[in-house]
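These protein sequences, in sequence, are chains S and G. Take any residue in the first sequence, count from 1 to its spot, add 13: that is its number in our numbering. Take any residue in the second sequence, count from 1 to its spot, add 13: that is its number in our numbering. All C-beta atoms in this analysis are idealised placements derived from N, C-alpha and C, irrespective of residue type, glycine included.
Number of protein chains: 2
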Amino acid sequence: MAVKLGRQTWAPGRIPVIVQTGTVVGPIEGEGPLREWFDRVYTDPVAGERSFEQAEKEMMLNACYTALHKAGKTPTDVDFFLAGDLLNQIITSGFAALSLQIPFLGLYGACSTAAESLAVAAALVDAGCAGLVLCAVSSHNSTAERQYRYPTEYGSFRKPTAQGTVTGAGAALVAAEGNGPRITHVTVGVVEDYGIKDPFNLGAAMAPAAATTLARHFADTGRSPDYYDLIVTGDLGSFGHRLMLDLVAEKGGFDLTKNSQDCGVMIYDAERQDVHAGGSGCACSAVVVFGYLYRQMVAGNLRRLLLCATGALHSPTSVQQGEDIPVIAHAVSLEM
Amino acid sequence: MAVKLGRQTWAPGRIPVIVQTGTVVGPIEGEGPLREWFDRVYTDPVAGERSFEQAEKEMMLNACYTALHKAGKTPTDVDFFLAGDLLNQIITSGFAALSLQIPFLGLYGACSTAAESLAVAAALVDAGCAGLVLCAVSSHNSTAERQYRYPTEYGSFRKPTAQGTVTGAGAALVAAEGNGPRITHVTVGVVEDYGIKDPFNLGAAMAPAAATTLARHFADTGRSPDYYDLIVTGDLGSFGHRLMLDLVAEKGGFDLTKNSQDCGVMIYDAERQDVHAGGSGCACSAVVVFGYLYRQMVAGNLRRLLLCATGALHSPTSVQQGEDIPVIAHAVSLEM
């Protein structure tokens with residue numbers, strides 16, 4: 014039975030464990046500093062498929078099968094498949110679920126979906142509804158950019174604040190028992206609106222959501238930021254991350270400058286790669302956390318990690334109708 | 014602690030109760046046979062807003078506030094808001110969550126989302142993560158038809174098998190305690206593909222998914238169809254519902270002809286209204302179940318109801334790329 018800590022936060026009673034992960038990335042991510050921590054780097058962004066959409070599905074499936082294989086499991090061992098992506102009708106997840114034949118619950122939280130999937134998996138395991146849950150998210154630069162902004166072929170100029178959608182997929186197996194990082198706390202975010210309408214500056218839109226959810230997490234758990242070895246935001250990018258640091262200091266008096274990083278910054282080498290403000294997309298926090306950081310935890314280099322995954326609920330339709338871009342952030346505490 | 018009954022089905026340990034509901038519909042649904050069972054009928058499909066998208070958000074919010082008001086609750090009493098709709102990036106739900114300021118988990122299960130939201134709410138309540146969860150779904154004929162098929166203004170001819178997206182929204186308050194129909198069993202569906210590519214014949218696409226999930230539910234629970242006073246499918250429409258009856262008889266030897274109906278058939282009067290094969294959309298099963306059937310249960314006219322909500326994971330992108338339309342169905346058992 015979970016313990017409620019305020020309205021947004023709970024601590025699972027039957028503590029779920031991330032027993033295994035799988036991560037795959039595209040060629041640009043494979044040239045970044047975290048290359049060696051991913052299970053597979055695709056050198057072809059179409060992954061040998063007929064379309065970018067099919068390539069994204071292939072990547073999500075590959076991440077899932079990798080996690081299953083490393084855990085010595087097959088799809089029939091898994092109770093539920095929780096997945097989401099950035100495409101309309103989350104088709105990557107739907108078609109992946111068709112291949113996997115695991116009972117499926119589709120999620121949409123934009124780039125916060127990795128954390129959302131861990132939250133729902135934690136509840137299913139805690140309630141005894143599931144012994145093993147497979148969580149997966151994906152994004153693909155060529156499917157997302159053309160759906161949300163412009164097709165790559167259009168060659169549009171991008172602002173320095175623009176982030177690029179990460180190509181890749183991350184999967185995590187959440188179990189009722191086993192070894193690995195444990196999901197000790199979940200803080201579910203509230204949707205907020207900070208007046209941003211610019212899809213080329215989503216880091217600024219999401220930074221206040223991350224600051225609000227982090228402040229709520231610290232208040233609900235009674236923990237100070239120092240409790241964590243690392244507080245990693247989902248995909249604020251370089252501008253958004255700096256803005257978040259200022260906001261948590263201003264609003265809550267928290268100093269996160271020593272132990273906070275951002276997945277959107279970590280995934281690329283800004284000096285060497287032409288990536289503007291960094292990475293974004295569902296896969297961004299998933300591949301960094303399930304790839305690099307998960308292995309650091311298992312190796313004993315990192316004991317307490319707070320993932321605060323951010324999502325811009327950006328819709329071309331609503332932006333064209335003059336609406337702001339609402340944002341959300343969920344925090345999940347992972348501890349060895 | 015939930016009891017697992019096979020891989021797809023569980024019986025909650027701490028049994029969640031639907032303590033209140035709210036339903037609103039558009040003008041065409043308001044001319045149908047269930048008119049008096051909805052909390053509000055909009056005579057204007059734009060609901061006084063500037064766009065159909067904003068009208069859909071207004072409808073979802075109205076359904077939510079109606080459920081809250083009838084229960085004597087405010088948004089601050091609610092732990093989590095679980096919502097989904099048919100629009101890209103589920104913007105109706107995202108903007109409703111922004112207004113409600115309730116911690117939000119976004120779902121996507123196409124027209125099966127009402128059942129999906131009850132499933133996740135049941136797990137959250139059962140695990141002790143939540144005392145009160147607000148579930149909501151919506152659809153709007155004028156937002157969905159133009160996104161998935163053709164804008165209404167185009168005046169395209171429609172096949173007899175075509176269903177029309179229901180305009181409306183349904184909300185349900187799921188609580189750890191209280192009076193009302195209890196969620197006694199959940200059967201989560203598997204995504205399947207029956208080779209249908211025609212978005213004007215989604216009933217045929219979804220019928221086998223409903224048949225499979227129903228057969229799985231009966232096998233897992235050991236119940237026969239006779240156990241239920243009514244087995245109601247989400248939105249198969251008249252052709253799809255007949256096909257489902259044949260399939261469950263063929264596959265499982267189950268006779269559902271006596272106690273099965275379909276929300277897509279029930280919501281309109283096929284004799285009097287020009288509705289082709291019936292209604293569809295997230296709101297279809299939500300307004301029929303949370304409006305009409307919920308009240309029948311509370312009034313004691315119906316004791317055991319099995320909702321089998323069906324979803325066609327239809328994407329214009331994947332259909333244009335030559336893919337089939339995958340389908341899913343989730344079953345939720347409601348008992349007084």
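- Where C276(S) is concerned, there is no enclosing beta strand (DSSP E), although the alpha helix (DSSP H) around it starts and stops at C276 to M279.
- Distance from T197(S) to L18(S) at the Cβ level is roughly 11 Å; contact not present, criterion being Cβ atoms closer than 8 Å.
- Contact note: F117(S) reaches chain G through V201, G202, V203, V204 and I341, using a C-beta cutoff of 8 Å and chain order.
- Between the alpha carbons of L227(S) and L258(G) lies a distance of about 51 Å.
- Leaving aside the five residues that flank P194(S) on each side, the residues in its chain whose CB is nearer than 8 Å to its CB run, in chain order, V30, I31, Y307, M310, V311, L318, L347, E348 and M349.
- With a cut-off of 8 Å on Cβ pairs, the region 275–284 of chain S is in contact with the region 39–59 of chain S, counting three or more such pairs.
- For T226(G), the three-state secondary structure derived from DSSP is helix.
- Around the beta carbon of Y167(G), a 10 Å sphere encloses fewer than 16 other beta carbons of the protein chains shown; the residue is thus reported as exposed.
- For the pair of segments examined, the region 135–149 of chain G was found not to touch the region 251–266 of chain G: the number of CB pairs separated by less than 8 Å stays below three.
- Apart from the 5 residues on each side of it in sequence, P339(G) sits with its Cβ closer than 6 Å to the Cβ of V204, D206 and L326 in its chain, given in chain order.
- Three or more beta-carbon pairs drawn from the region 86–97 of chain S and the region 111–126 of chain S are found closer than 8 Å, and the two stretches are therefore classed as touching.
- Below the 9 Å Cβ cutoff, chain S contributes no neighbours of S293(G), its closest Cβ being approximately 14 Å away.
- Contacts with chain S at 8 Å (Cβ-Cβ) include L120(G).
- Judged by DSSP in its simplified three-state form, T36(S) adopts strand.
- Spanning the alpha carbons of V302(S) and A132(S) requires a straight line of approximately 15 Å.
- From the beta-carbon of E66(G), the residues of chain S found nearer than 7 Å are T330, S331 and Q334.
- Distance from T174(S) to G208(S) at the Cβ level is roughly 15 Å; contact not present, criterion being Cβ atoms closer than 8 Å.
- The beta-carbon of R308(S) is placed no less than 8 Å from the nearest beta-carbon of chain G.
- Going by DSSP, A128(S) is part of no beta strand (DSSP E) but of the alpha helix (DSSP H) stretching over T126 to D139.
- Contact of R20(S) with chain G is assigned, a C-beta pair being separated by under 8 Å.
- One alpha carbon belongs to F267(G), the other to S273(G), and they sit about 11 Å apart.
- Near chain S, meaning a CB-to-CB distance below 9 Å, no residue of the region 238–254 of chain G qualifies.
- In this structure, the beta-carbon distance from H343(S) to A140(S) does not fall below 8 Å.
- Note: H254(S) is not bridge-paired with any residue in the DSSP secondary-structure output.
- Between G181(G) and V288(G), the C-beta gap is not smaller than 8 Å, which leaves the two residues out of contact.
- Taking the Cα positions, A60(S) is about 48 Å away from D90(G).
- In the same chain as M73(S), and ignoring 5 residues on each side of it, the C-beta atoms closer than 6 Å to its own belong to T105, A109, A149, S151 and A182, in chain order.
- For H327(S), the chain G residues whose Cβ falls inside 8 Å of its Cβ are Q102, in order along the chain.
- At a cut-off of 8 Å between beta-carbon atoms, E71(G) makes no contact with chain S.
- Looking at the backbone, the Cα of N192(S) and that of L186(S) are separated by about 11 Å.
- Where I104(G) is concerned, the enclosing alpha helix (DSSP H) starts and stops at I104 to L113.
- Listed as beta-bridge partners of S346(G) by DSSP are H198(G) and L319(G).
- Its chain contains S169 as the residues whose beta carbon lies nearer than 6 Å to that of Y163(S), once the 5 sequence neighbours on both sides are disregarded; these appear in chain order.
- A Cβ of chain G is located within less than 8 Å of the beta carbon of D92(S).
- Annotation for V332(G): the continuous alpha helix (DSSP H) segment containing it runs P329 to Q333.
- Counting along the chain, the unbroken beta strand (DSSP E) around K17(G) starts and ends at V16 to L18.
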